[in-house]
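Undergrad: If you scroll down you'll find the structure; I have some questions about it.
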Amino acid sequence: MYAVIKTGGKQYRIQVGEKLKVEQLQVENGSELVIDQVLMVADGDKVSVGTPLVSGAKVSATVLGQGRHDKIRIFKMRRRKHYQKHQGHRQNYTEIQITAISA
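Numbering-wise, the sequence shown is residues 1 to 103 according to full-length UniProt numbering.
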């Protein structure tokens, strides 16, 4: 059984027991999280696709922790113009583990 959920402006294909890093959520570590924006649920040959969401479908997850991804380095340069710009970015994330999918 798997599902497609939407969180943080992105879509993820998930299964029970899977660990996932999503955009930062304002929740406590170790708490239970319910995601109700489920776009699709598949159980074997039975597939439910929402328009845009599947009604009554929920995904339960446990929050494992908060963190920051590796640094991304941005370098911009214009040739022959003596222009160089260095920039870096680290995105925050919340790590969750999927505990249940209910259709």
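Yeah, the Cβ is synthetic: ideal placement off N, Cα and C, and Gly gets one too.
Alpha carbon to alpha carbon, what distance is there between residue 7 and residue 13?
TA: Approximately 11 Å between the Cα atoms of the pair.
Undergrad: For residue 48, which residues of its own chain have a beta-carbon under 8 Å away from its beta-carbon, when the five flanking residues on both sides are left out?
TA: 40, 41, 42, 54, 57, 103.
Undergrad: Could you spell out where the beta strand (DSSP E) holding residue 26 opens and where it closes?
TA: Premise fails: residue 26 is in no beta strand (DSSP E) and is neither H nor E.
Undergrad: Are the Cβ atoms of residue 101 and residue 59 separated by less than 9 Å?
TA: Yes, the Cβ-Cβ distance between residue 101 and residue 59 is below 9 Å.
Undergrad: Assuming residue 96 and residue 22 are in contact, meaning their beta carbons sit under 8 Å apart, how far apart are those beta carbons, in whole angstroms?
TA: Confirmed, about 6 Å.
Undergrad: So residue 17 and residue 98 are in contact, right, with Cβ under 8 Å, and what is the actual spacing, rounded?
TA: So it is a contact: roughly 7 Å between Cβ atoms.
Undergrad: Would you tell me roughly how many angstroms separate the C-alpha atoms of residue 75 and residue 88, rounded to the nearest one?
TA: Distance between the alpha carbons of residue 75 and residue 88 is about 9 Å.
Undergrad: Nearest by alpha-carbon distance to residue 122: which of 15, 2, 68 is it?
TA: Residue 122 is absent from the structure shown; the chain starts at 1 and stops at 103.
Undergrad: Starting from residue 40, trace the beta strand (DSSP E) in both directions and tell me its first and last residue.
TA: It spans 38-43 - the beta strand (DSSP E) in which residue 40 sits, taken as one unbroken run.
Undergrad: Can you tell me which of 26, 92, 83, 80 puts its alpha carbon nearest to the alpha carbon of residue 71?
TA: Comparing Cα positions, the closest option is 92.
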